[in-house]
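Shown next, in structure tokens, is the structure this report addresses.
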Amino acid sequence: MCTEDEAHRYGRFLCTTLDLVMRWRSSKEIFMAECGNYPGFVSVLRKAQDDNTQESQLSFDNYRFVVHKWNTRIARAAVSCLESGSYTQIRNALIVLTRILPHFPRTTNICGAIERRVNKLREEEKEKRPDLKVCLSEIDKVVPLRP
Numbered sequence: 001m002c003t004e005d006e007a008h009r010y011g012r013f014l015c016t017t018l019d020l021v022m023r024w025r026s027s028k029e030i031f032m033a034e035c036g037n038y039p040g041f042v043s044v045l046r047k048a049q050d051d052n053t054q055e056s057q058l059s060f061d062n063y064r065f066v067v068h069k070w071n072t073r074i075a076r077a078a079v080s081c082l083e084s085g086s087y088t089q090i091r092n093a094l095i096v097l098t099r100i101l102p103h104f105p106r107t108t109n110i111c112g113a114i115e116r117r118v119n120k121l122r123e124e125e126k127e128k129r130p131d132l133k134v135c136l137s138e139i140d141k142v143v144p145l146r147p
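If you count the sequence shown from 1, position 143 lands on 143 in UniProt numbering, and the numbers rise without skipping.
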């Protein structure tokens, strides 16, 4: 559990990170120019029996796959928080989601999963919590328009 301020800061951090990640994902030329030959983008394959390791530069296609995996995990965590029933977790998840909306979600499946959970949450919290209703309406403005 964290405070609302921490959720705002975490959302801002994720937004800034996703901005850079999505920039690199947008074009092979940008990826190669800014990431292509840096050691942070080396993937290492290790074999348990042998002490042989193989290093290779992360390809653009593999990078796109990794980004998709990160997006899936962010979505899974968000849906889990929205389903928790805990007011604090729901509120913090909505705060983080509203912060990262410029860059997330980017696929139809992820968008649909979040949209379904938001709609269900709206029905559950219809008259109970007006502050959640405001956060849900902010997400509604963007999520159905994606991807």
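Ideal Cβ positions, reconstructed from N, Cα and C, are used throughout, including at glycine. Being a predicted model, the structure only gives us computed values, none of them experimental.
If distances are taken between C-alpha atoms only, which option among the options comes closest to residue i?
i	options	result
T98	K141, T108 and D61	K141
R76	I95, S27, N109 and L101	N109
S59	S43, T16 and S86	S43
K28	I114, H8, Y63 and R106	Y63
T3	K133, R106, A113 and R91	R91
W24	C15, T16 and E34	E34
K120	Q57, F65 and L136	L136
I74	S56, E138, Y38 and P105	P105
With respect to the alpha helix (DSSP H) encompassing residue i, which residues constitute its N-terminal and C-terminal limits?
i	result
K28	K28 to E34
K120	T108 to E124
L101	Taken as a continuous stretch (DSSP letters only), L101 belongs to no alpha helix (DSSP H), as it is neither H nor E.
Three-state secondary structure (DSSP) at residue i?
i	result
S137	helix
S80	helix
E127	coil
T16	helix
M22	helix
G11	helix
T88	helix
N37	coil
T72	helix
Identify the residues that DSSP records as bridge partners of residue i: which are they?
i	result
Q57	V42
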